[in-house]
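Colleague:
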Amino acid sequence: MNSTVTVVGAGIFGVCTALELLDRGHSVTLIEQFKDGDSRTTSNGITRNIRFSHGDDVWYTRSARKAKSLWRQLETRFSTQLMDKCGVAWFSHDEDGWASSSQKTLEAEGIPVERLDPSEGKKLYPSFGYADLAFILFEPDAGVLRAQKSVSTIRKEFTNCGGRYIQGRAEPNGSYLTVNGEVFNGDALVWACGPWIPNLFELSTDIKVTMQEVTFFDSTPEWNSPNVPAYSDVEDEDAFYGCGGLEGFPFKVGSDLRGPVFDPDKDDRKLSVDQLQICTDYIGKRFPALEDSIIVDRRLCQYTSTGDSNWIIAPLPGLKNQWVVGAGSGHGFKHGPILGNYVADLVEGKCDPEAKFAANDRPYLTGGWRVMYNRPHI
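In this note's numbering, the protein residues as written are 1143 to 1520.
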């Protein structure tokens, strides 16, 4: 039976959920508090890496593979390119570390992967420093998503197909919500509001919102995607990641150290001098030809993370037919389409919630697949 559903938050989790519910015949309203282009929006930013490696975690590995197939279907539907299949290179410092664990999982799942000698990095990049590396794990079928374009394209399709879109801040009020003076209750409410979840709801799950930075270095076209793979240096002390130039932006470097904890409603969004130096030092070490490149741009975003790095996709305690969806923990974007399908199934009662995504008290866990995510704070 078709129902009336309201989705709050037009980041990747929200737009994918809203479009999937609309495609299934439901009456859907999507609410976003910020105007187009506002840097505070959830899932902002130019690019996101899409890869299958998740250490020894099979669930996320399979989810990423399914999600890639759905991204390709969306490209066909929209007649536009959202993904570059440029591959992802993992720079491993340990013969038996995170990348090695990922290799075993990928091979068991039949996902293409190559273990390369560090010197072969010079075939992947115009300039490459590898003295500190044990090996490179290369995923040829992985790549880069055009993040901002993906979110806006999915949302546009949602409205073109009859979905209602409202710009305004939603406020929860028990069994219903209000936005711009209008009341919404309907058959189901989905709160996919990213870093604002802790400000809206008192959950047992400890959620930390941190400020993250990326830096864009001037580079020539040979450093653009898909000419070079995206990369991740998860075993480096400062945990770097990035990709080639794309969407008019040059080569990207970001440190995956968890930034300062902040409140998205109250705290200033200030770029860090320390982070700039960390990224500048890294690019000189790993990609020597870019050592003296000028800084073209720097951007801020936010991570919304749980203690065990699993997302939250769960019923809101004490409220009927209300769901909270978020805490991507720095690895959620690529899973957007498959996650939207899963949330739609929950709303329709077609499946039970995954226990790993419950809104309960979770210990802070490290090791295993979480090495990628549970980082020290700056």
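Idealized CB from N, CA, C, for every residue including glycine.
#1: Go ahead and label residue 1483 buried or exposed: buried means 16 or more other beta carbons lie within 10 angstroms of its beta carbon, across all protein chains shown.
#2: Any idea what DSSP makes of residue 1158, helix, strand or coil?
#3: Give the straight-line distance between the Cα atoms of residue 1277 and residue 1257, rounded to the nearest whole angstrom.
#4: Measure the CB-CB distance between residue 1171 and residue 1306 and report whether it falls below 7 angstroms.
#5: Using 8 angstroms as the threshold, is the region 1330-1350 in touch with the region 1365-1381, meaning 3 or more CB pairs across them?
#6: Over the uninterrupted alpha helix (DSSP H) stretch that includes residue 1175, give me the two end residues.
#7: If contact is defined by three or more beta carbon pairs under 8 angstroms, each pair taking one atom from either stretch, is the region 1349-1357 in contact with the region 1433-1444?
#8: To the nearest angstrom, how far is the alpha carbon of residue 1376 from that of residue 1320?
#9: Mind reading off the beta-carbon distance from residue 1357 to residue 1418? Whole number of angstroms is fine, and I expect it under 8 angstroms.
#10: State the start and end residues of the unbroken alpha helix (DSSP H) segment that holds residue 1340.
#11: Give the range of the alpha helix (DSSP H) segment to which residue 1496 is assigned.
#12: Quick one, are the C-beta atoms of residue 1296 and residue 1161 less than 7 angstroms apart?
#13: Between the Cα of residue 1506 and those of 1434, 1265, 1450, spot the shortest distance and give me the residue it belongs to.
#14: From which residue to which residue does the beta strand (DSSP E) around residue 1490 run?
#15: Hey, quick one: how far does the beta strand (DSSP E) through residue 1455 stretch, first residue to last?
#16: Go ahead and label residue 1203 buried or exposed: buried means 16 or more other beta carbons lie within 10 angstroms of its beta carbon, across all protein chains shown.
#17: So residue 1328 packs on residue 1146, CB below 8 angstroms; how close in whole Å?
#18: Among the candidates 1235, 1263, 1299, whose CA atom is the shortest distance from the CA of residue 1165?
#19: DSSP three-state label for residue 1165, please.
#20: Just how far apart, CA to CA, sit residue 1280 and residue 1478?
#21: Looking only at its chain, what residues have a beta carbon closer than 8 angstroms to the beta carbon of residue 1396, apart from the 5 residues adjacent to it on each side?
#22: Do residue 1163 and residue 1225 have their beta-carbon atoms positioned less than 7 angstroms apart in this structure?
#23: Would you mind stating whether residue 1448 and residue 1411 have Cβ atoms separated by less than 7 angstroms?
#24: Mapping DSSP to helix, strand and coil, what is residue 1298?
#25: For residue 1179, does the count of other Cβ atoms within 10 angstroms reach 16, so buried, or fall short, so exposed?
#26: Do residue 1315 and residue 1407 have their CB atoms nearer than 7 angstroms?
#27: Using beta carbons (cut-off 7 angstroms, strictly below), is residue 1275 in contact with chain B?
#28: Which runs of the alpha helix (DSSP H) at least 4 residues long sit entirely within the region 1175-1260? Give them in chain order.
Modeller: Let me spell this out:
#1: buried
#2: helix
#3: 7 angstroms
#4: yes
#5: no
#6: From DSSP, residue 1175 is part of no alpha helix (DSSP H); its letter is neither H nor E.
#7: yes
#8: 42 angstroms
#9: 6 angstroms
#10: 1339-1342
#11: Segment: none, residue 1496 is in no alpha helix (DSSP H) and carries neither H nor E.
#12: yes
#13: 1450
#14: Counting along the chain, residue 1490 falls outside any beta strand (DSSP E), and DSSP gives it neither H nor E.
#15: 1454-1457
#16: buried
#17: 4 angstroms
#18: 1299
#19: helix
#20: 23 angstroms
#21: 1354, 1355, 1356, 1357, 1382, 1383, 1384, 1421
#22: no
#23: no
#24: helix
#25: exposed
#26: no
#27: Structure shown: chain B not included; a single protein chain is present.
#28: 1200-1220, 1240-1251
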